[in-house]
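Protein chains in written order, with this note's numbering: chain A, 5 to 559; chain B, 12 to 218.
Some notes on the structure that comes next.
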C-alpha cells in the first residue's frame, strides 16, 4: 500500500476549502440559534411536557446543576437499561450487559467519549444501540456545545448573574442544529452504501459454498450523529473501518468533513456573539494551523511506514483497509484525535509508531484543533485566557480578555482546567503500570505496551474514545479506572468553565485602552499556539518518551 | 435543603427531557432515515445484497466472503481476499491490533507470505503487502491489483477459462477514476468471484 502524496494534499486542501466556505454560514446560524429568544410551537409543547420553564434564565450554579443532573440521570438510565437488555424488545438472544461493561459504556457515551470496551456485534442489540447509545450521541454533543455557549455569554454579558437556560439551550442545539444536520448526513451515507435496516440477511454463495449472515441495523442514522457530534462510538466493533459504516473512500472523506464541521464553525459563532469577529478568526486560525501541522505530521509518519512488521510485509497494510489506502487513513486518524471523535478507519494500534504518537499528542493538546463539539472551543478559550495572562506578565499589563479582568479567581479556574487531564492521564497510567495483574490485559511487547496503556488513559480523560485496540479494558479495574478518567475528564472542566462564565458575567466591561493586550491578530495567535504546544509538551513529554518516541526513534 | 430540592427538581426535568428526546432521536429519527433509505436507495440501505440467478441473496458487495475452510486452507478455485482477524465472518469485525514492531505480527506476516507464495507458485519477494496483512475490519472485500494479478493464472486454470478472460473480469471489478485517485486502485474480490462463477457457468449474475 503506497502513500499517494498528491492525493493526500488534494484531500487536505479540499477539506480546508470546504470548511472555510461553510464556517461562516454555519457560524451565523449557530449564533442565531443561541441568541434566539422565541420558541417554535413544537418546542413550546416539548418544554411543557418536559416541565421546562423556558422563560427563566439560570445563574451559573443552577446551569451547572442542570448539566450535572441531566448527565447523572442519563448515565443511570443508560446503565440500567443495558442491564435489562434481555427483557427489552429488539435485543434478539442478547442478555443483560455485564455490569462493569454497562457502567463503562454508560459513562463513555454520556461524556461524549464513546470508548467501547464492548464488542457491539455480540453485546448490544438494536434497542440499546438506537434508543440509548444513538440518543446520547446527540445529547452529549449538545451538552458540550451549550457549555461553550454559556462561556461565550459570560464573556459577552456584563453585570448579570444569568447565563441562559440549560434546557432551552440543550433542546435548541439538539433539534435546530444536530438533528437536521444528522438527517441530511444520514441520507447521504445511505446513498453512499451505509446500511439502514432492522434485520440481518442470510446469504448463500452457491459457487464458493460460502454462507454468511450479513448484519443489519439502523447504522446510517447512528453513523451520522456519531461523526457529526464528535462521538465516535461505532455500530460495529471495527468502527469506521467496517464496510457498512464506511463503505468507500468518498464516505470516508465525507466523515472527516462532518466531524470537523461544527467544531470549526463555533469560533465564528463566538466572534459574532462577543461582537468582535477578529477574535473568532484568531481562534479559528490557531485551530487551523494546529490541524494542518498535525495532519501533515501524521501523513509524513504514515508515509515513512516505520516498523519491523511493516518492513517484513513489504509496506503498509496491517490494520489498513485496501479500499481506503494510506493517505485517507492518515487524514482520518489525525482528524479523529484532533476532535473528540475517536472513530477510526484504520487500526491505530498498527499505525507506524510516530503516527500513533501524533494521534496521542493530538488528544494531549486537549483536543482543541478544532476539538469536540463545544469542548474544542471552550478549551481554546481557556488557553487564550492563559496566553493573555502570560502576555500580561511579560509586558507588565493587567491581563484582560475581551473586556473581562483576568484576576486571581479566573486564573485559578483556568489553571485548574489545564491540570485536570494531565493529572488524570499520568496518575492513572502511572498507577496501572505498577499492577502486573492488570498489565496482562495490555498484551503488547516492548515500549508499545506502555503506548497502549497511555493511549487508553489519554483517550479516556480527553473524551476521545479511540484506542490502541490491543488492550482489553472490560475487566473491573480498567473499566472502572477508565470510567473515572472519562467522568472527571469531562465534568471537572465543565464545572470550571461554568464557574468562569459566571465570574465573567458578573463583571462589568473594561473599555479597551492603550494598555490592553490585543487578543486577535497574528501576534496573539502565535502566542496562543506556543502556549498550547508548550503546556502539552511540559506535561506529557516524559510519558511520550517512554512509549511512542522510544518505539519510533529506536528503529 | 434548597440545593437538594433544586437537584431533585432538575432530575425530574432531566428524566422527562430524556424520555421525550428518546422518542424523537431514538425512534422517530432512525425510522425516518429508514423510510427515506427504503424509498430512494433500498439496495444500499439493505446491505448492497447481490442475488444469484435464482434470485436468492448470494453476497453483499461490500463484505468479504471466505474462500477458505474452517481450518483456514484456501480453496484454489477462487480469488482470495486479505488475511482477516475474524476469519472473514461478518458476525464480528476486528483488526489484529498488533503493533508495527510486534514479534507476533512479524511471525504472522512471514507465515502469510510463505503461504501465498506457495499457493500462487511465485517468489516470496513478489507477494504484495496487502496479501500478507489483515485489514482493519477483517471484512475488507478489496485487494490490490497486484495481488489479483498474482492469482489470475491459478484461477483461470482452475475454471478452464482463458487468462485474458479472467484478467478482464479483474479489470471490471477494479476501482478507477476519482475513487482510485482518492483511495487507491482496488479489486473487489466478492464481486469478482461472483463474476468468475458466472463466467465459468456461461451466464452473468444479476444485481
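For glycine and all other residues, C-beta sits at the position ideal for the given N, C-alpha and C.
Owing to the predicted nature of the structure, the values given are computational and were not obtained by experimental measurement.
Around residue 68 of chain B, the same chain offers 60 and 62 as residues with beta carbons nearer than 7 Å, after the five sequence neighbours per side are excluded. In the displayed model, residue 115 of chain B falls within a helix according to three-state DSSP.
With a threshold of 9 Å between beta carbons, residue 260 of chain A makes no contact with chain B.
Shown in chain order are the members of the stretch 17-29 of chain B whose Cβ falls below 7 Å from a Cβ of chain A: 17, 18, 21, 22, 23, 24, 25, 26, 27, 28 and 29. Shown in chain order are the members of the stretch 297-331 of chain A whose Cβ falls below 7 Å from a Cβ of chain B: 310, 311, 312, 313, 314, 316, 317, 318, 319, 320, 321, 322, 323, 324, 325, 326, 327, 328 and 329. Residue range 40-51 is occupied by the alpha helix (DSSP H) that includes residue 41 of chain B. Contact note: residue 183 of chain A reaches chain B through 35, 36 and 40, using a C-beta cutoff of 8 Å and chain order.
Under the three-state reduction of DSSP output, residue 105 of chain B falls in the coil class, being neither helix nor strand. Look at the stretch 286-372 of chain A and you find these whole runs of alpha helix (DSSP H), each 4 residues long or longer: 312-317, 330-342 and 357-368.
Using beta-carbon distances, residue 107 of chain B counts as an interface residue toward chain A, with a partner under 9 Å. Residue 131 of chain A and residue 357 of chain A have their C-alpha atoms roughly 38 Å apart. Residue pairing for residue 442 of chain A: DSSP places it in no beta bridge.
Any Cβ of chain B closer than 9 Å to the Cβ of residue 61 of chain A would place that residue at the interface, and such an atom is absent. Think of a sphere of 9 Å around the beta carbon of residue 205 of chain A: the chain B residues whose beta carbon falls inside it are 57, 58, 60, 68 and 71, in chain order. The beta carbon of residue 543 of chain A sits closer than 8 Å to the beta carbons of 368, 426 and 430 from its chain, once the five residues preceding and following it are set aside; these are given in chain order. Residue 150 of chain A is a Cβ neighbour of residue 173 of chain A, given a cutoff of 9 Å.
At a cut-off of 9 Å between C-beta atoms, residue 188 of chain B does not count as an interface residue with respect to chain A. Near chain A, meaning a CB-to-CB distance below 9 Å, the residues of the stretch 119-143 of chain B are 119, 120, 121, 123, 124, 136, 138, 139, 140, 141, 142 and 143. Secondary structure remark: continuous beta strand (DSSP E) runs of at least 3 residues inside the stretch 155-200 of chain B: none found. With respect to residue 295 of chain A, residue 264 of chain A sits close: the two C-beta atoms are nearer than 9 Å. In this structure, residue 185 of chain B and residue 156 of chain B form a Cβ contact; the two beta carbons are roughly 6 Å apart against a cut-off of 8 Å.
As summarised for the stretch 152-190 of chain A, the continuous alpha helix (DSSP H) elements at least 4 residues long and confined to that stretch are 170-176, given in chain order. For the pair residue 512 of chain A and residue 175 of chain A, the Cα-to-Cα distance works out to about 30 Å.
In the displayed model, residue 418 of chain A falls within a helix according to three-state DSSP.
Where residue 552 of chain A is concerned, there is no enclosing beta strand (DSSP E), although the alpha helix (DSSP H) around it starts and stops at 552-557.
Taking 9 Å as the cut-off, the beta carbon of residue 183 of chain A is found no closer than this to the beta carbon of residue 51 of chain B.
Look at the beta carbons and you see the stretch 265-284 of chain A not touching the stretch 81-91 of chain B: under three pairs across the two are nearer than 8 Å.
Against chain A, a Cβ distance below 7 Å from residue 76 of chain B picks out 209, 212, 214 and 216. Per DSSP, reduced to three states, the secondary structure at residue 207 of chain A is strand. Taking C-beta separations shorter than 8 Å and ignoring five residues to either side along the sequence, the partners of residue 63 of chain A in its chain run 165, 166, 167 and 506, following chain order.
Shown here, residue 120 of chain A sits in coil according to DSSP, grouped into three states, outside any helix or strand. At the C-beta level, residue 74 of chain A and residue 320 of chain A stay beyond 9 Å of one another. Taking 9 Å as the CB threshold, residue 166 of chain B stays off the interface with chain A.
With 16 or more neighbouring CB atoms inside 10 Å of its own CB, residue 467 of chain A falls in the buried class. Taken in chain order, the members of the stretch 15-41 of chain A whose beta-carbon sits within less than 7 Å of a beta-carbon on chain B are 15. Chain-ordered, the chain A residues with CB closer than 7 Å to the CB of residue 93 of chain B read 326.
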